[in-house]
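Q: Could you have a look at this structure, given as structure tokens, before my questions?
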Amino acid sequence: MNVIAIANQKGGVGKTTTAVNLSAALAAKGKRVLLIDMDSQANASSALGIEASSEQSLYPALIGECLLEDLIIPTKRRNLSLVPAHMDLSGVEVELTAEGNHLTCMRDAMVGLRERGDYDYVFLDTPPSLGVLMTASLCACDEVLTPMQCEFLSLDGLSKIIYVIEQIRESGANPDIRHEGVLMTMFNNTNLANQVIAQVRENLPEQLYKTVIPRSVRVAEAPSFGKTIMEHDRYGTASLAYQNAAKEFWSRHSL
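Take a look at the structure:
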């Protein structure tokens with residue numbers, strides 16, 4: 000089982016969109032996938048048509064009141080399961096900080112899940128901040144995939160998340176964590192966007208995905224219907240791009 004955090008502390012870069020659609024595309028390829036919604040806004044849950052409920056929230060697993068496995072629910076997509084989020088996660092940061100186990104809470108919650116090995120891939124959709132839930136996700140994962148908008152301000156966000164990953168590795172909190180890749184999102188074929196991609200390629204040639212996700216109104220529409228982009232616009236450019244990203248992800252991990 001491979002645990003991948005979809006992480007970028009900068010908001011609005013397509014992080015949840017990537018988590019949802021990459022998970023769904025891999026599940027459609029026959030991979031057993033679990034998506035864990037780590038964000039109190041519960042956008043990943045609603046994007047899959049799951050209504051937020053405090054009874055199916057990640058919160059109790061993080062504070063040790065129940066097993067993470069007991070919170071897993073099926074989605075209507077074959078091979079894709081979900082641990083939903085709820086707004087009560089917004090309060091867990093204070094509680095975990097007070098108890099002092101905020102770095103290890105998610106890793107501890109996932110022990111049983113790792114032992115069972117029911118999934119090929121577990122994706123963590125992290126919140127757009129460097130708070131407790133983000134750092135707990137980074138300490139629990141094997142690797143990090145960073146969605147990045149094709150704008151120069153996003154380069155600063157990329158450098159920050161790489162710095163945080165290095166700090167977590169060097170601190171011993173997760174010595175084996177690695178930065179798996181960068182997926183460029185919201186691409187318009189402009190000089191600016193191509194310059195940003197070129198700069199990432201120059202600095203992180205091994206991590207940069209060849210697939211680029213185009214900017215698309217259909218992508219923005221899909222969550223309002225509780226659908227993935229593949230369900231909402233199967234043959235659209237963004238849908239095909241996420242399917243290609245899933246193929247590239249699988250190929251990179253097969254190697």
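Counting from 0, one number per residue, gives the positions in the sequence shown under numbering that gives the first Met the number 0.
From the three backbone atoms N, C-alpha and C, an ideal C-beta is built for every residue, glycine too.
Report all residues from its chain with a CB closer than 6 Å to the CB of Ser153; omit the five preceding and five following residues, and keep chain order.
A: Excluding positions up to five away in sequence, the list reads Met147.
Q: Let me know the secondary structure DSSP gives Leu47 once reduced to three states.
A: If DSSP states are grouped into helix, strand and coil, Leu47 belongs with coil.
Q: Measure the CB-CB distance between Glu94 and Ile62 and report whether it falls below 8 Å.
A: Yes, they are a contact pair.
Q: Count the other CB atoms within 10 Å of the CB of Cys65; is the residue buried (16 or more) or exposed (fewer)?
A: With fewer than 16 Cβ atoms within 10 Å of its Cβ, Cys65 is classed as exposed.
Q: From the DSSP secondary-structure annotation, give me the bridge partner or partners of His178.
A: Answer is Val143, bridged to His178.
Q: In three-state terms, what does DSSP make of Lys261?
A: Nothing can be reported for residue 261: it is not among the residues displayed for the chain, which extend from 0 to 254.
Q: What are the start and end residues of the beta strand (DSSP E) that includes Ala209?
A: Going by the sequence as given, residue 209 is Lys instead of Ala. Taken as a continuous stretch (DSSP letters only), the beta strand (DSSP E) holding Lys209 covers Leu207 to Pro213.
Q: Considering only the beta carbon of each residue, do Leu157 and Ala244 sit closer than 8 Å?
A: No. Outside cutoff.
Q: Check whether the Cβ atoms of Ala43 and Met133 sit closer than 8 Å, and answer yes or no.
A: Result no, Cβ atoms of Ala43 and Met133 do not sit closer than 8 Å.
Q: CB-CB under 6 Å to Gly225, same chain, minus the five flanking residues each way: which ones, in chain order?
A: So the qualifying residues of the chain are Gly48.
Q: Let's test the definition: count the other Cβ atoms within 10 Å of the Cβ of Ala219 and tell me whether it reaches 16, buried, or not, exposed.
A: With fewer than 16 other Cβ atoms within 10 Å, it is exposed.
Q: Which word fits Tyr234, buried or exposed, when buried means at least 16 other C-beta atoms lie within 10 angstroms of its C-beta?
A: Exposed, since its Cβ has fewer than 16 Cβ neighbours within 10 Å.
Q: Please state whether DSSP places Ala172 in a helix, a strand or coil.
A: Looking at Ala172 - three-state DSSP - the assignment turns out to be coil, as it is neither helix nor strand.
Q: Could you tell me if Pro126 is buried or exposed, where buried requires 16 or more neighbouring beta carbons within 10 angstroms of its beta carbon?
A: By the neighbour-count rule (16 or more Cβ atoms within 10 Å), Pro126 is buried.
Q: So, helix, strand or coil for Ala248, using DSSP?
A: Residue 248 is actually Phe in this sequence, not Ala. DSSP places Phe248 in helix when its eight states are reduced to three.
Q: Quick one, which of Arg115, Arg31 and Thr16 has its alpha-carbon nearest Leu67's?
A: For the residues Arg115, Arg31 and Thr16, the minimum Cα distance to Leu67 belongs to Arg115.
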